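Q: Count along the sequence shown starting at 1, add 4, and that's the number in my numbering. Beta carbons: idealized from backbone N, C-alpha and C, even for Gly. Predicted model only: the values in this text are computed from it and were never measured.
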Amino acid sequence: MVESYMFGIWTWEELSSWYLTLPAYGQVLCLLAAFALIALVVALVYYIIKGVAYLVYYILKGVAYLVGGIFYGIYKLFEALYYLLTGKERPKKVEEVSTTPIEKVIIVQEVKAKVEPTPLYCSECGSEITDTMSQQLDMSGIAYCAHCGKGYKSGFIEIEG
Ligand SMILES: [Zn+2]
C-alpha cells in the first residue's frame, strides 16, 4: 500500500481515524491547514524553480561570456602569431582616427566660405561689388554698380542697359 507510507510516521489509516475523532470545527481547521500547507508548498516550489531558473540563466550567461572571452583571446593570439610569422605590419587604427579632424576642418572651411563669399567684381568696370549692393540685390532682386551703373539681377546675372 502506497498510502501507508504517505506521512512517514503515521499511516493513512491512523491519520484518517484520528481525523474522524475530531469535532466538526477541528476537521474544518485541519482541512484549512492542509490547504494552507499545500499552497505554501506550491509557492515554495515555484520560488525554488524560479530561483534555480535564474541561477541556471546566470550560469549560462557567465559561461557564454567566458567562452566568448576565450575565443576572443584565441583570435587575438592567432592574429599576433599571424603578424609575427608573416612579418606584416599591423594596420594602424590611428590612421582611421586621424582622418576625422581633417574632414572637420574641410567642413569648417566650407561653412566659412558660405558665410564669407569671395568678393565679386563688376564685369563692366571691374570694381568690387559692395556689401550695400549685395544687400540691395537680396532685398529687391535688382542692383546697379555704384561705379558704372551696370544693372544686375539676383545671382549677379547681367541685365541689359
Ligand atoms: Zn561697374
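1) Rounding to the nearest angstrom, what Cα-Cα distance links Val-67 and Leu-48 in this structure?
2) Since Gly-55 is in the alpha helix (DSSP H), which residue starts that stretch and which ends it?
3) Is it buried or exposed for Cys-152, if we count other Cβ within 10 angstroms and need 16 for buried?
4) Does ligand 1 have a heavy atom nearer than 7 Å to the CB of Lys-154?
5) What residues in its chain sit with their C-beta under 8 Å from that of Cys-34, if we drop five residues either side in the sequence?
6) Mark Cys-129 as exposed unless 16 or more other C-beta atoms lie within 10 angstroms of its C-beta, in which case mark it buried.
7) With H, G and I counted as helix, E and B as strand and the rest as coil, what does DSSP make of Glu-132?
8) So Tyr-23 is in the alpha helix (DSSP H); what residue range does that whole segment cover?
9) Can the beta-carbon of Leu-141 be found closer than 8 Å to that of Ala-150?
10) Cβ of Glu-132 versus every heavy atom of ligand 1: is any distance shorter than 7 Å?
11) Would you give the residue range spanned by the beta strand (DSSP E) that Ile-146 belongs to?
12) Do Gly-145 and Lys-157 have their CB atoms nearer than 8 Å?
A: This is what the structure gives:
1) The sequence position of residue 67 within the sequence shown is 63, counting from 1. The sequence position of residue 48 within the sequence shown is 44, counting from 1. Using only the alpha carbons, I get a separation of about 28 Å.
2) Your numbering for residue 55 matches position 51 in the sequence shown. From DSSP, the alpha helix (DSSP H) with Gly-55 extends over 28-90.
3) Within the sequence shown, numbered from 1, the residue matching residue 152 stands at position 148. Flag for Cys-152 reads exposed.
4) The count along the sequence shown starts at 1 and reaches residue 154 at position 150. Taken from the Cβ of Lys-154, at least one heavy atom of ligand 1 lies inside 7 Å.
5) Your numbering for residue 34 matches position 30 in the sequence shown. These residues qualify, in order along the chain: Tyr-23, Leu-26.
6) Walking along the sequence shown from the start, residue 129 turns up at place 125. Counting Cβ neighbours within 10 Å, Cys-129 comes out exposed, since fewer than 16 surround it.
7) As a working note, residue 132 is residue 128 in the sequence shown. Glu-132: strand per DSSP, three-state reduction.
8) For the purposes of this step, residue 23 is taken as the residue at position 19 of the sequence shown. Taken as a continuous stretch (DSSP letters only), the alpha helix (DSSP H) holding Tyr-23 covers 16-25.
9) Walking along the sequence shown from the start, residue 141 turns up at place 137. Walking along the sequence shown from the start, residue 150 turns up at place 146. No; because the gap between Cβ atoms is not below 8 Å, this pair is not in contact.
10) Walking along the sequence shown from the start, residue 132 turns up at place 128. No, since every heavy atom of ligand 1 falls outside the 7 Å radius drawn around the Cβ of Glu-132.
11) Residue numbering aside, residue 146 sits at position 142 when the sequence shown is read from its first letter. Counting along the chain, Ile-146 sits inside the beta strand (DSSP E) bounded by residues 146-148.
12) Position 141 of the sequence shown, counting from 1, holds the residue named residue 145. Position 153 of the sequence shown, counting from 1, holds the residue named residue 157. Yes, the Cβ-Cβ distance between Gly-145 and Lys-157 is below 8 Å.
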